[in-house]
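Numbering (this note's numbering), first residue to last: 9 to 107. Here is the structure we will look at, set down as structure tokens.
Have a look at this one:
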């Protein structure tokens, strides 16, 4: 890993950590399903970032179980897709509520 890549990872970790921290603070203040989905999306996004960084550094090995017919580890794909699904769900709930 180059010095530039490490700097980018540090920036991502700091900004993602602040995002997750403020999302957790919001979680304790609201019980609205749309906001809860946004919070969970932010937290799972940060978890995915940490996981990908640890895999890139060689600290963790991405699970050998791959999606059938591909070389994609299922856990990497899950950390990519799940946050977006929570964001989509939150936006749909907000759209429905605004009608």
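Where is the CB? At the ideal position from N, CA and C, for every residue including glycine.
In chain order, 69, 70 and 84 place their CB closer than 8 Å to the CB of residue 63, counting only its own chain and leaving out the 5 sequence neighbours on each side. Taken through DSSP and simplified to helix, strand or coil, residue 91 comes out as helix. Leaving aside the five residues that flank residue 96 on each side, none in its chain has a CB nearer than 8 Å to its CB.
The criterion of a C-beta distance shorter than 8 Å is satisfied by residue 20 and residue 57. Around the beta-carbon of residue 52, 16 or more other beta-carbon atoms lie within 10 Å, marking it buried.
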